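Everything on this sheet refers to the single structure shown next.
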DNA sequence: TCGACTTTGTGCATAGCTTCACAAAGGCAC
DNA sequence: GTGCCTTTGTGAAGCTATGCACAAAGTCGA
């Protein structure tokens, strides 16, 4: 007989679930601030904008942290999700590229409150180096490797122009970084074992435009036929 | 015998495909700039960072625009994808909330080049109203409805603080907008027929932290057992 | 202690997405 | 023409994610 009792989490939480955990965490933090002690999957699902069965299944991947007939303890669930996401530890983040976007990111409050500490701001432009932003002095991009090593940076945010992104990417990987958040509109080539996530602001707008166009064209019937004699 | 020859596109392109079309478009534009005339699904897939079978299936949803043995005509494919996404027309976009992020978005070059025209910048803070950013003068948020109607705004970008987002959202919907890009860290409640896409900068970092933690913990074996006597 | 009530956790069916693998289609050399 | 070579477009299989629906488990009042 196999004893298999506590086993809080299986190795291997589905990606779709991982992507939603931050959402739940945000909703839970809001509830905690308002003094809510426990919450049902139904209420939490509404607050997070998902289906309650999905929410329960997601949480079941972390372990069995609810109480039947009652719901989930808000504080305890915050702790468990935070731990699963690795937010109970402190992550040193460097932002490379201090243009408009880099500044916005440096000033964004949502990082610090979740265990992400901005440990360095770097830029290649001498006019920007030395500026004080969000309490940090911008350093020259030449310092990249030394900043990463001295301050234990493990996540790098790329907010450089597209042309510089791959080069900076190569350097941070050589310096040992294996997690990169890329805002530059290029596909980065990276070796196995390095995680890249990308955010492209214009992609989201294009997806909206697609749906907006569909609405405007009005339903299933399309009067307009596409031109055969189109430039080719 | 059923004649079924031109039928360029089925109604109903999968969401996953729509989300990748902008990626292909970006890769194709790069190739066009470098003077490439035709491209195989294999090369385009590499440039876009996806599997080539997936790319071909995605494109097949738009129609049959390739030539067997040759590949795809770059210019023609750019045209077809742009048209499908609705980028051959001009979209008037208003940005509400001109903080760091709103400024970064207003200055972001990736919009104008894809048919998105910033038609208005609005903010509730009198200190910001009147500033000139990216060639536009910031207007007071009270003007929201009139700006939307007079300038034919069909997409609104929310870059307000979380507390203001729902209220602004309600107003733009009342003014007839049905496509919203939300950067505020809240779940917006909207009626059916309104599309909301959200970008949460801190969610991406949290997902990276999750994977980074996994790597650090080293493989399938977990020495550390989770504490039973945890605060509850 | 018991029974009514609430809510979780999950088996199962379904839907959607990804990937493989290959026949069909077209170009090109000779 | 003809045959070879390349590359598309897609059927089919496998995988992942979603959502329903309900048994199991726990609370709470009497």
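Residue numbers (UniProt numbering), protein chains in the order written: chain A, 1 to 232; chain B, 1 to 232.
Yeah, the Cβ is synthetic: ideal placement off N, Cα and C, and Gly gets one too.
Model, not experiment: these values are computed from the prediction.
Legend entry - N-terminal and C-terminal residue of the beta strand (DSSP E) that residue 123 of chain A is part of: Within the first chain, numbered from 1, the residue matching residue 123 of chain A stands at position 123. Counting along the chain, residue 123 of chain A sits inside the beta strand (DSSP E) bounded by residues 116–123.
Inset, instruction - Please classify residue 68 of chain A: does DSSP put it in a helix, a strand, or coil? - result: Sequence index remark: in the first chain, residue 68 of chain A carries index 68 (1-based). The three-state reading of DSSP puts residue 68 of chain A in coil, since its state is none of H, G, I, E or B.
Inset, instruction - Return the chain-ordered list of same chain residues with a C-beta closer than 6 Å to the C-beta of residue 169 of chain B, the five sequence neighbours on each side being excluded. - result: Taking the first residue of the second chain as 1, we reach residue 169 of chain B at position 169. Excluding positions up to five away in sequence, the list reads 188.
Legend entry - Minimum length 4: unbroken alpha helix (DSSP H) runs contained in the region 162–190 of chain B: Within the region 162–190 of chain B, the complete alpha helix (DSSP H) runs of at least 4 residues fall at 162–174.
Inset, instruction - Please go through the same chain and pick out, in chain order, the residues whose beta-carbon is closer than 6 Å to the beta-carbon of residue 135 of chain B, but skip the five residues on each side of it. - result: Taking the second chain and counting its residues from 1, one reaches residue 135 of chain B at position 135. Setting aside the 5 residues that flank it on each side, residue 135 of chain B has no residue in the same chain whose C-beta is closer than 6 Å to its C-beta.
Legend entry - Counterpart residues of residue 38 of chain A in DSSP-defined beta bridges: Here the question's residue 38 of chain A lines up with position 38 in the first chain. In DSSP, residue 38 of chain A forms a bridge with A:73.
Legend entry - 6 Å Cβ shell around residue 155 of chain A - same chain, five flanking residues per side excluded: In the first chain, residue 155 of chain A corresponds to position 155, counting from 1. Apart from the 5 residues on each side of it in sequence, residue 155 of chain A sits with its Cβ closer than 6 Å to the Cβ of 91, 93 and 179 in its chain, given in chain order.
Legend entry - Exposure label - residue 182 of chain A; buried when at least 16 CB within 10 Å: Working through the first chain from its first residue, we reach residue 182 of chain A at position 182. The residue is buried, with at least 16 neighbouring Cβ atoms inside 10 Å.
Inset, instruction - Would you please verify whether the beta carbon of residue 51 of chain A is less than 8 Å from any beta carbon of chain B? - result: Along the first chain, one-based indexing puts residue 51 of chain A at 51. Not closer than 8 Å to any Cβ of chain B, the Cβ of residue 51 of chain A fails to qualify, so no.
Inset, instruction - Within the same chain, show all residues whose beta-carbon is closer than 8 Å to that of residue 131 of chain B, passing over the 5 residues directly before and after it, in chain order. - result: In the second chain, the residue the question calls residue 131 of chain B occupies position 131. So the qualifying residues of the chain are 98, 137 and 138.
Inset, instruction - Return helix, strand or coil for residue 15 of chain B, following the three-state DSSP convention. - result: Indexing the second chain from 1 puts residue 15 of chain B at position 15. Here residue 15 of chain B carries a helix assignment [DSSP, helix/strand/coil].
Legend entry - Secondary structure of residue 94 of chain A, DSSP reduced to three states: As a position in the first chain, residue 94 of chain A is number 94, starting the count at 1. For residue 94 of chain A, the three-state secondary structure derived from DSSP is strand.
Legend entry - Pair within 8 Å by beta-carbon distance, residue 207 of chain A and residue 19 of chain B: Within the first chain, the letter at position 207 stands for residue 207 of chain A. Within the second chain, the letter at position 19 stands for residue 19 of chain B. Yes, these two residues count as a Cβ contact at 8 Å.
Inset, instruction - Spell out a yes or no on whether the region 55–63 of chain B and the region 37–47 of chain B are touching, meaning 3 or more CB-CB pairs, one atom from each, closer than 8 Å. - result: Because the criterion of three Cβ pairs below 8 Å is met, the region 55–63 of chain B and the region 37–47 of chain B touch.
Inset, instruction - For residue 232 of chain B, name the three-state secondary structure that DSSP assigns. - result: Reading the second chain from its first residue, position 232 is the one you call residue 232 of chain B. Annotation note: pLDDT 31 at residue 232 of chain B (below 50); position unreliable, no value reported.
Inset, instruction - Give a yes or no on whether 8 Å exceeds the smallest Cβ distance from residue 195 of chain A to chain B. - result: One-based indexing of the first chain puts residue 195 of chain A at position 195. Interface criterion met: the Cβ of residue 195 of chain A is under 8 Å from a Cβ in chain B.
Legend entry - Host beta strand (DSSP E) of residue 196 of chain A (start-end): The residue you call residue 196 of chain A lines up with position 196 of the first chain. 195–198 is the extent of the beta strand (DSSP E) around residue 196 of chain A.
Legend entry - C-beta atoms of residue 144 of chain B and residue 122 of chain B nearer than 8 Å: Within the second chain, residue 144 of chain B is the residue found at index 144, counting from 1. Within the second chain, residue 122 of chain B is the residue found at index 122, counting from 1. In this structure, residue 144 of chain B sits near residue 122 of chain B, with a CB-CB distance shorter than 8 Å.
Inset, instruction - Decide if residue 160 of chain A is buried, meaning its Cβ has at least 16 other Cβ atoms within 10 Å, or exposed. - result: Position 160 of the first chain, counted from the first residue, corresponds to residue 160 of chain A. By the 10 Å Cβ count, residue 160 of chain A comes out buried.
Legend entry - Residue of A:25, A:164 and A:146 minimising C-alpha distance to residue 84 of chain A: As a position in the first chain, residue 84 of chain A is number 84, starting the count at 1. The candidate whose alpha carbon is nearest that of residue 84 of chain A is A:25.
Inset, instruction - Please list the residues of the region 176–195 of chain B that have a C-beta atom closer than 7 Å to any C-beta atom in chain A, keeping them in chain order. - result: Within the region 176–195 of chain B, the residues whose Cβ lies closer than 7 Å to some Cβ of chain A are 178, 179, 181, 185, 187 and 195, listed in chain order.
Inset, instruction - Would you kindly work out how many angstroms separate the C-alpha atoms of residue 215 of chain A and residue 53 of chain B, rounded to a whole number? - result: The sequence position of residue 215 of chain A within the first chain is 215, counting from 1. The sequence position of residue 53 of chain B within the second chain is 53, counting from 1. C-alpha separation (whole angstroms): 30 Å.
Legend entry - Expected contact under 8 Å - CB spacing of residue 196 of chain B and residue 199 of chain A to nearest Å: Position 196 of the second chain, counted from the start, is the residue given in the question as residue 196 of chain B. Position 199 of the first chain, counted from the start, is the residue given in the question as residue 199 of chain A. That belief does not hold up - the Cβ atoms of residue 196 of chain B and residue 199 of chain A are roughly 17 Å apart, past 8 Å.
Legend entry - Coil, strand or helix - residue 26 of chain A by DSSP: Along the first chain, one-based indexing puts residue 26 of chain A at 26. Three-state result, residue 26 of chain A: helix.
Legend entry - Pairwise C-alpha distance: residue 140 of chain A and residue 126 of chain A: Along the first chain, one-based indexing puts residue 126 of chain A at 126. Along the first chain, one-based indexing puts residue 140 of chain A at 140. Our two residues, residue 126 of chain A and residue 140 of chain A, have alpha carbons roughly 7 Å apart in a direct line.
Inset, instruction - Look up residue 158 of chain B in the DSSP assignment and give the residues it is bridged to. - result: The residue labelled residue 158 of chain B in the question sits at position 158 within the second chain. Its beta-bridge partners are B:96 and B:182.
Legend entry - Residues near residue 129 of chain A in its chain [Cβ-Cβ closer than 7 Å; skip 5 each side]: Taking the first residue of the first chain as position 1, residue 129 of chain A is located at position 129. Cβ neighbours of residue 129 of chain A within its own chain (closer than 7 Å, five residues either side excluded): 123, 138, 139 and 140.
Legend entry - CB contact below 8 Å: residue 95 of chain B versus chain A: For the purposes of this step, residue 95 of chain B is identified with residue 95 of the second chain, where counting begins at 1. So, not an interface residue.
Inset, instruction - Establish whether the CB of residue 212 of chain A and some CB of chain B are separated by less than 8 Å. - result: Working through the first chain from its first residue, we reach residue 212 of chain A at position 212. Yes, residue 212 of chain A counts as interfacial toward chain B.
Legend entry - As assigned by DSSP and simplified to three states, the class of residue 137 of chain B: Residue 137 of chain B sits at position 137 when you count from the first residue of the second chain. Residue 137 of chain B falls in the strand class under three-state DSSP.
Inset, instruction - Could you have a look at residue 216 of chain B and say whether DSSP puts it in helix, strand or coil? - result: As a first step, residue 216 of chain B is located in the second chain; it is residue number 216 there, counting from the start. In this structure, residue 216 of chain B counts as helix in the three-state DSSP scheme.
Inset, instruction - Starting from the C-beta of residue 21 of chain B, find all residues in its chain whose C-beta is less than 6 Å away, skip the five residues before and the five after it, and write them out in chain order. - result: Within the second chain, residue 21 of chain B is the residue found at index 21, counting from 1. Closer than 6 Å at Cβ, skipping near neighbours: 81 and 85.
Legend entry - C-alpha distance - residue 89 of chain A paired with residue 100 of chain A, whole-angstrom precision: Residue 89 of chain A sits at position 89 when you count from the first residue of the first chain. Residue 100 of chain A sits at position 100 when you count from the first residue of the first chain. If you take the alpha carbons of residue 89 of chain A and residue 100 of chain A, they lie about 29 Å apart.
Legend entry - Contact list for residue 168 of chain A against chain B, beta-carbon separation under 8 Å: Position 168 of the first chain holds residue 168 of chain A. Result: empty, since nearest Cβ-Cβ is about 17 Å, beyond 8 Å.
Legend entry - Endpoints, the alpha helix (DSSP H) within which residue 142 of chain A is located: For the purposes of this step, residue 142 of chain A is taken as the residue at position 142 of the first chain. Per DSSP, residue 142 of chain A lies in no alpha helix (DSSP H) and is assigned neither H nor E.
Inset, instruction - Can you say whether residue 64 of chain B is buried or exposed, counting buried as having 16 or more other CB atoms within 10 angstroms of its CB? - result: Here the question's residue 64 of chain B lines up with position 64 in the second chain. Around the beta carbon of residue 64 of chain B, fewer than 16 other beta carbons lie within 10 angstroms, which makes this residue exposed.
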